[in-house]
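Beneath this line is the structure, given in structure tokens, with notes to follow.
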Amino acid sequence: MLTQLALFESPAQQVNAYVKPICLPAGLQYYSQYISSQVARDLITAVDASPWLDDLKRRVQHYGYRYDYKSRRINYDMYLGALPDWGQQLSLRMYVEGILPFVADQLIINEYLPGQGITPHIDCEPCFEDTIASLSLNSSCLMDFTQAETLETTSLLLDPSSLLVLSGEARYNWKHGIANRKKDKYNNQIIERNRRISLTFRKVIIK
Ligand SMILES: O=C(O)CCC(=O)C(=O)O
Numbered sequence: 001m002l003t004q005l006a007l008f009e010s011p012a013q014q015v016n017a018y019v020k021p022i023c024l025p026a027g028l029q030y031y032s033q034y035i036s037s038q039v040a041r042d043l044i045t046a047v048d049a050s051p052w053l054d055d056l057k058r059r060v061q062h063y064g065y066r067y068d069y070k071s072r073r074i075n076y077d078m079y080l081g082a083l084p085d086w087g088q089q090l091s092l093r094m095y096v097e098g099i100l101p102f103v104a105d106q107l108i109i110n111e112y113l114p115g116q117g118i119t120p121h122i123d124c125e126p127c128f129e130d131t132i133a134s135l136s137l138n139s140s141c142l143m144d145f146t147q148a149e150t151l152e153t154t155s156l157l158l159d160p161s162s163l164l165v166l167s168g169e170a171r172y173n174w175k176h177g178i179a180n181r182k183k184d185k186y187n188n189q190i191i192e193r194n195r196r197i198s199l200t201f202r203k204v205i206i207k
């Protein structure tokens, strides 16, 4: 069961336990093993206990505010309620640790079965504040980054239980995406994908 203690341990202890963030595009930070394997398992159980939406190619859950992928907008009518307790605790932890400059109020959960990905995109600029954080559960996957103007590309393997944070240049000027494939090649290794669940935390801008 998810307890507040498990999700929100002493921030100083947690920060010291991080592997030094690897920087790719400016504004990208990567924290490996942001949560323990037990917390990851408990989060998956909590997520799977809630209904999935299956109107996209991959299944999703939206919390805080519904996001309209076609119109790319958010307003008060789309308010769904507070994030679930475990989502609030993670948001608070990221804020207290200085990872997010706010307490996130919107969470999208994506499920990727092997072979599924997400089209390269920049998160909706008028909808969400700078800085988004995505927690990976259960499987690694290679995330690709493309500079929107120069088309320079780079990739980063997101490990299970890792946290990816995009802000500034990385959030606004680089597309991020995941190719539709069942295996990734990284550092000359072939890595099979399993079911991956990502939890992406954002703060909405309501005008
Ligand atoms: O799965 C991820 O880590 C990223 C999700 C994402 O880019 C999105 O929901 O817009």
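Numbering-wise (this note's numbering), the sequence shown opens with residue 1 and increments by one. Built from N, CA and C at the ideal position, the CB exists for glycine as well.
For Thr45, the enclosing alpha helix (DSSP H) has its first and last residue at Ser37 to Asp48. Between ligand 1 and Asp123, a heavy atom-to-CB distance of less than 7 Å is present.
For Asn110, the shortest C-beta to heavy atom distance toward ligand 1 is below 7 Å. It is roughly 14 Å from the alpha-carbon of Tyr30 to the alpha-carbon of Thr154.
Between Leu113 and the set Arg59, Tyr69, Leu80 and Met94, the nearest pair of CA atoms involves Arg59. Distance from the CA atom of Leu53 to the CA atom of His62, rounded to whole angstroms, is 8 Å.
Cβ neighbours of Arg181 within its own chain (closer than 6 Å, five residues either side excluded): none. By alpha-carbon distance to Leu83, the top candidate from Leu199, Asn75 and Leu151 is Leu199.
Within the segment 99-137, the complete beta strand (DSSP E) segments at least 3 residues long are 106-112, 118-121 and 132-137, listed from N- to C-terminus. Here DSSP, grouped into helix, strand and coil, assigns Leu90 to helix. Check the Cα spacing between Glu192 and each of Arg171, Pro51, Glu152 and Asn138: the tightest is with Asn138. Measuring C-alpha to C-alpha distances from His176 to each of Asn188, Leu157 and Tyr186 identifies Leu157 as the nearest.
If you ignore the 5 residues before and after Asp159, its C-beta comes within less than 6 Å of the C-beta of Ser32 and Ser140, all in its own chain and listed in chain order.
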